[in-house]
Structure formats: C-alpha cells, structure tokens
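Below is one structure, written out as structure tokens, with a few remarks after it.
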Amino acid sequence: MTEGKKFQRKKEDFVCRHCGERVIGSGFTDHCPKCLWSRHLDVNPGDRQAICKGLMEPISAEKKGEEYVIHYRCQKCHYLYQVKAAESDDFEQILKLMG
C-alpha cells in the first residue's frame with residue numbers, strides 16, 4: 001500500500017469566517033493573519049479532506065526556539081491542532097494567546 005503525500009500546497013485566497021478579513025493565500029496560508037482563526041479543512045496539510053469544516057479557535061500560543069506556535073481547537077468536533085505562526089500574523093494577537 002502506498003502512503004499519500006503528507007503535505008499538498010494549496011494557494012487559495014479566502015475570506016475569514018470569523019472576522020471577515022480578505023486573506024491572500026501563499027500556498028502555506030492556513031489561518032487568518034488578523035484574528036488567527038482557521039477552519040478544520042484538512043486531514044493532512046493541504047488535502048482538504050476533513051469532513052468537519054468547523055471553525056478552529058486559537059486557544060494558546062508558545063515560543064519554540066525562534067518560532068511561535070499557535071494551538072487550535074475545532075469548535076465543532078474539538079480536534080486539537082498546532083501550526084507555526086506566519087510572519088504576516090498579528091503579533092499582538094499571538095501575545096494575547098500567550099498571556
């Protein structure tokens with residue numbers, strides 16, 4: 001049995017379903033840089049195979065080395081996920097999650 005790709009780059013623009021921000025995707029964009037909210041779309045990054053499609057609430061953040069990691073919980077199915085913060089993310093929002 002052949003294992004599928006673990007990451008599929010998807011360059012997609014979207015409107016944040018939490019704050020309404022228009023987001024221009026880079027192919028790695030998986031959350032809104034303004035409010036940091038996301039959607040539960042993937043089983044493996046970029047595959048868009050998740051059935052849930054719920055909103056992913058940013059619940060905390062932490063600094064790992066020189067990078068920041070945002071932790072999420074799906075509001076619909078309670079799935080937990082984490083992702084590296086992007087340079088375009090609102091740093092004040094990240095700090096609020098760390099507090």
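Each residue of the sequence shown is one higher than the last, beginning at 1 in the numbering used here.
Using N, Cα and C, we set each Cβ at its ideal position, and we do this for glycine too.
Reference residue i, options the options, closest by Cα
i: Gly20; options: His31, Lys84, Lys11 and Gly27; result: His31
i: Gly65; options: Glu12, Asp42 and Ala85; result: Ala85
i: Leu104; options: Glu62, Gly46, Asp42 and Lys63; result: In the structure as shown, the chain begins at 1 and stops at 99. Residue 104 is therefore absent and cannot be evaluated.
i: Ser38; options: Gly99, Lys53, Ser88 and Asp90; result: Lys53
i: Ser60; options: Ile51, Phe28, Val83 and Gln49; result: Val83
i: Leu36; options: Leu95, Val23 and Asp89; result: Asp89
Paired residues, beta bridge with residue i - DSSP
i: His18; result: His18 is not bridged to any residue.
Contact belief for residue i with residue j at Cβ below 8 Å, rounded distance in angstroms
i: Glu62; j: Met98; result: 7 Å
Would the segment 60–79 and the segment 6–18 be scored as touching if the rule is three or more Cβ pairs under 8 Å? no
Uninterrupted beta strand (DSSP E) stretches inside the segment 49–92 (no shorter than 3 residues): 55–64, 67–74 and 80–84
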